[in-house]
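Notes follow once the structure below has been shown.
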Amino acid sequence: MRKGSRLIFFEFNRASRMYFTLLTVMFFTQILGFFVMSKGYMGQVEHYIRTYGLDIPAIQEAIGIFSPEQIIQSPWVMAPLSLCIVYMIAYTFFIWYRDWYGANVFIYRLFMLPVSRTYVFISKAVTILLMVIGIIAFQLFVLYIGKWIIAGNIPIDFRGSLSMLDIVMGFNYLTIFFPFTTVQFFTLFGGMFIFITIVFTAILLERSFHLKGIIYGLMYIIGSIVLLISPSITEIILQRSFVYPAEMFWIQVGLFLISAYISIRVSTYLLEKKVHV
Amino acid sequence: MIKLSNVTKRFGRKWVLKEISFQIPKKQITCLVGRNGVGKTTIMNMIMGLTHPTKGNITIDGERIHSSLYDNISYVPDQATMLNQMTVGDAMDFMRGFYKNWNDEQALELLYLFSLHKSDRIQALSKGARKKVDILLGLSMDAEYILLDEPFSGVDPNSRKQIIDVCTGHFMENRGILISTHDMLEVEHIVNRAVMIEDGMVHRVLEIEEDEETEKKTIIDMLKEVDAHAERK
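Protein sequences, first through last, are from chains L and R.
When we follow our numbering, the leftmost residue of the first sequence carries the number 1, and every step to the right adds one.
When we follow our numbering, the leftmost residue of the second sequence carries the number 1001, and every step to the right adds one.
Shown next, in the form of structure tokens:
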């Protein structure tokens, strides 16, 4: 177990330079966005007051009140966040392939460690998950600072609600990445971990069978997704539900656990018997 | 003892090794000899479980390779394996963290013999120095078996001399060693056995002292004969 946590720390450390650079870019870009957009809005307000002598309700009617959603949906916030998302998707593949194709072939070292190769697999998956959780937590932290920047720059009459809940809701469909309850937290990150294990298994299939492995890997991903959404598909096809929502939730949890178990078992087999340096 | 029994390896349609069997006894130095591409590296990778035989089996002291055996068998591949961004000290810390047989005293001695420094960044090292780092990491474990893949090839003359000195010195005592090399001359006097690989098969296993005595030839002469035979074919 100690060696497993050491591997996680080691993997995280390898990723840290680029990861913290991205977080820094995200911080400064988004904070700058909060300043620029809130100041810009107040510039408009002042323009209406100076030029037309409008009172507060008239200005509110003319340019609307400032909603945090405007910043959230702007490139100031979305561009660095998208960059982080793209980086994490790419890193999910890169975390394996760099060990084979780097200047030095580190996969030799990883496979010769006196620990089960399952630990190597799990440590890489946990590292990705921790990085994603870190990005989400850091995004909330930046939003929290941004909230005070808005509050400092825009008087209360000209801005919408600045509760964290309302700010996060500004992400629209991306709101699913911000869990509000403990159940949501475990569902989201548990699901994410399982998805990472599915992708890793596909990567190991490619590493084991090369060209044929790409096909096996794609089939594995499609098969896993079909398994995971099979209860919903069944309901859609039959146009009726056979279970209560709570039962459906537990069925879904069960399927996720089965999928994780299969992925880890298949990957362990591949790592022990098929994958080569 | 490391035992290879009827090991066959196929990559795609190409049969690299065909039914090879030989042993690497404890406390002896076995040399794997053969031309480039005959499968010497594949044999070493298979012993270490880094690639898998198509047929046959390999055992280390009667057990098939598994993770806990890596404390007892050390491999220095022909390629650099440690990360570029690491320093030599980081690489040593990495090994110390995972291997219970890591021997710090031995590592420091090798560091000195190879004129390396803990603060040296691997990225900044020459090819020869990187090889020395890998040899340092491999030989600093109190492992019963050590596998060295072409330890003298592709390095500058100075590094080569240092590596030869280390590979023929006390670091190799009381261990089962498998060494693959083109430079039999350099290791001739320390090798106990030579396994000659040709056309993916074991062409001959030489017990150096005995065979030199019976055939009245040196190991080098015997290897030359094998080479000439291969060329005629």
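Here a beta-carbon is modelled for each residue, glycine too, at the ideal position from N, C-alpha and C.
Selection from the options that minimises the alpha carbon distance to residue i
i: L/I71; options: L/M37, L/F28, L/Y244; result: L/M37
i: L/L257; options: L/M192, L/S232, L/L22; result: L/M192
i: R/K1009; options: R/K1018, R/K1003, R/M1001; result: R/K1018
i: L/L140; options: L/I221, L/L270, L/L81; result: L/L81
i: R/I1146; options: R/V1133, R/E1188, R/N1174; result: R/N1174
i: L/V77; options: L/M88, L/T92, L/F34, L/D99; result: L/F34
i: L/H210; options: R/I1002, R/G1012, R/H1117; result: R/G1012
i: R/L1137; options: R/A1107, R/K1224, R/M1086; result: R/A1107
i: R/Y1112; options: R/W1102, R/A1129, R/G1176; result: R/A1129
i: R/S1005; options: R/K1131, R/P1053, R/C1167; result: R/P1053
i: R/I1186; options: R/K1118, R/C1167, R/L1178, R/G1049; result: Checking the sequence shown, residue 1186 of chain R turns out to be Glu, not Ile. Closest option to R/E1186, Cα to Cα, is R/C1167.
i: L/I264; options: L/Q239, L/I214, L/L204; result: L/L204
i: L/L83; options: L/M248, L/L227, L/T29, L/S267; result: L/T29
i: R/Q1085; options: L/R14, L/M88, L/L218, L/L23; result: L/R14
i: L/K3; options: R/S1067, R/M1048, R/T1041; result: R/S1067
i: R/G1169; options: R/H1189, R/V1007, R/Q1079; result: R/H1189
i: R/D1199; options: R/H1229, R/D1221, R/E1212, R/K1217; result: R/H1229
i: L/I194; options: L/V86, L/I221, L/N172, L/V168; result: L/I221
i: L/T292; options: L/V132, L/I49, L/T201; result: What is shown of chain L runs 1 to 277, which leaves residue 292 of chain L out entirely.
i: R/D1211; options: R/A1194, R/D1227, R/V1202; result: R/A1194
i: R/I1240; options: R/I1002, R/V1033, R/Q1028; result: What the structure shows of chain R is the stretch from 1001 to 1233, and residue 1240 of chain R is not part of that stretch, so it cannot be assessed.
i: L/P57; options: L/W100, L/I128, L/R159; result: L/R159
i: R/I1163; options: R/P1151, R/D1142, R/M1172; result: R/P1151
Contacts that residue i makes with chain L (C-beta to C-beta distance below 7 Å)
i: R/D1071; result: P114
i: R/Q1106; result: Result: empty, since nearest Cβ-Cβ is about 18 Å, beyond 7 Å.
i: R/A1080; result: N104
i: R/Y1075; result: M112
i: R/N1084; result: A103, N104
Any chain R beta carbon closer than 9 Å to residue i
i: L/R207; result: no
i: L/Y269; result: no
i: L/Y108; result: yes
i: L/G146; result: no
i: L/F94; result: no
i: L/F14; result: A quick correction: the sequence has Arg, not Phe, at residue 14 of chain L. Yes, L/R14 lies at the interface with chain R (some Cβ there is under 9 Å from its Cβ).
i: L/F121; result: no
i: L/F10; result: yes
Cross-strand partners of residue i (DSSP beta bridge)
i: R/K1055; result: R/T1008
i: R/V1076; result: R/L1148
i: L/F66; result: L/R159
i: R/R1164; result: Position check: residue 1164 of chain R holds Ile in this sequence, whereas Arg was assumed. Note: R/I1164 sits in no beta bridge, so no partner.
i: R/V1205; result: R/V1195
i: R/M1141; result: R/W1102
i: L/C84; result: Answer by DSSP bridge pairing: none, since L/C84 is not bridged.
i: L/S241; result: Answer by DSSP bridge pairing: none, since L/S241 is not bridged.
i: L/L110; result: Beta-bridge pairing links L/L110 to no other residue.
i: R/K945; result: This structure cannot settle anything about residue 945 of chain R, because the visible part of chain R is limited to 1001 through 1233.
i: R/V1033; result: R/M1196
i: R/R1121; result: R/T1087
Endpoints, beta strand (DSSP E) assigned at residue i
i: R/W1015; result: 1014–1024
i: R/R1193; result: 1193–1198
i: R/L1083; result: Here R/L1083 belongs to no beta strand (DSSP E), and DSSP marks it neither H nor E.
i: L/G191; result: Per DSSP, L/G191 belongs to no beta strand (DSSP E); it is in the alpha helix (DSSP H), 182–238.
i: L/L271; result: Premise fails: L/L271 is in no beta strand (DSSP E) and is neither H nor E.
i: R/I1177; result: 1176–1180
Per-residue contacts from residue i into chain R (C-beta, under 8 Å)
i: L/R6; result: G1097, F1098
i: L/H276; result: N1045, L1050, T1051, H1052
i: L/R117; result: S1067
Limits of the alpha helix (DSSP H) - the one that residue i falls within
i: L/G4; result: 2–52
i: L/G146; result: 117–153
i: R/T1042; result: 1040–1047
i: L/V105; result: No alpha helix (DSSP H) holds L/V105; DSSP gives it neither H nor E.
i: L/V168; result: 164–169
i: R/L1069; result: No alpha helix (DSSP H) holds R/L1069; DSSP gives it neither H nor E.
i: R/L1185; result: 1184–1187
Proximal residues of chain R, C-beta to C-beta of residue i below 9 Å
i: L/K273; result: H1052
CB contact below 9 Å: residue i versus chain L
i: R/R1010; result: no
i: R/F1122; result: Note on residue identity: the sequence assigns Ile, not Phe, to residue 1122 of chain R. Interface residue, yes.
i: R/R1013; result: no
i: R/R1130; result: yes
i: R/F1171; result: no
i: R/F1094; result: yes
Residues that residue i contacts on chain R, provided the C-beta gap is smaller than 7 Å
i: L/K212; result: Ordered by position in chain R, no residue passes the 7 Å Cβ test against L/K212, which lies about 11 Å from the chain.
i: L/K3; result: F1098
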